[in-house]
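Numbering (the working numbering), first residue to last: 41 to 347.
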């Protein structure tokens, strides 16, 4: 089949113009890059030292109510921490505020590049992020030393992280396996351990929950929670890191136990603790709810405090 002459002419013109625009864009990008290097005012890419601190969310320090109207008071909370990584991509999920909750917006469109301009001009399709899909973007920092913490005696300092300047919008939390560090003994091979007093009406008893690595694996088979909120402490949805400072990871275990329907538990007649495990057919749904809670990104909130 012969290609129509008029369409061939139009395509040739568009190709010529597209190549010219592509070259012009490259030139502008090169000039901008050169100017940034000469003035030393580039806002990204400079190395920074990021101290690391873990803290317990204020709501979890007292008695709180879970999704099934049980009053919960934490008595023991230990957590095994592996790697912490920080990214430029916006977190997707609920970002708790002081008086309300809001949803993070969809991932903002990336800045124009010569490649994206070329694709747009010639209407070449490209993969796009949709609302609800987490896109990590570039990695900006990482803390790679595993440890464990007793959250009821937090804050606790961890190893410094290496990073670069930029807009930090989300974090990855990885459970450490096997547990190591100060709380390893209490964890007893698990990645998370909770003992709590629970009450509803005149019913009061203690429960104990453990979770191991298999309980917290994501769809890729790794014990990582991606897309955790990261901001400047004012619900902005990002932290602008322009120099050294401290990354604060605030853990909120109230999300871990929010979906525990404790009406399934037969209260003990003495002071014994009810151990909730996956081996008990009646209590297994509670163990599974605990495991799902541990995988909630909103339970791990990162923020930045500049030096």
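We put the beta carbon where it would ideally sit given N, CA and C, even for glycine.
On a predicted model such as this, the values are computed, not experimentally measured, just so you know.
Classify residue 108 as helix, strand or coil using the three-state DSSP reduction. coil
Out of 259, 199, 209 and 190, which one is the CA nearest neighbour of residue 93? 199
Going by CA-CA distance only, name the one from 263, 234 and 344 that's closest to residue 317. 234
Return the residue from the list 109, 96 and 203 that minimises the CA-CA distance to residue 195. 96
Can you give, in chain order, each stretch of the beta strand (DSSP E) that sits fully within the segment 179-258 and has at least 3 residues? 179-183, 187-190, 196-204, 206-208, 210-215, 232-240 and 243-251
I think residue 208 touches residue 344, with their Cβ atoms under 8 Å apart; what is that distance to the nearest whole Å? 6 Å
Are the beta-carbon atoms of residue 301 and residue 104 separated by less than 8 Å? For residue 301 and residue 104, no; Cβs fall outside 8 Å.
Please check the pair residue 230 and residue 188, which I expect to be a contact at CB under 8 Å, by giving their CB distance rounded to whole angstroms. That belief does not hold up - the Cβ atoms of residue 230 and residue 188 are roughly 10 Å apart, past 8 Å.
Helix, strand or coil: how does DSSP classify residue 168 here? Legend: pLDDT at residue 168 = 43, less than 50; position of this residue unreliable, value from coordinates given subsequently. In the structure shown, residue 168 sits in coil (DSSP, three-state: anything other than H, G, I, E or B).
Enclosing beta strand (DSSP E) for residue 269 [first to last residue]: 264-271
For residue 211, is the classification buried or exposed, using 16 other Cβ atoms within 10 angstroms of its Cβ as the cut-off for buried? buried
If you check the beta carbons only, do residue 285 and residue 124 fall under 8 Å apart? Their beta carbons are not under 8 Å apart, which means residue 285 does not touch residue 124 by this criterion.
Inter-stretch contact at 8 Å, needing at least 3 Cβ pairs: the segment 336-343 / the segment 269-277: yes
So, are the CB atoms of residue 190 and residue 118 less than 8 Å apart? yes
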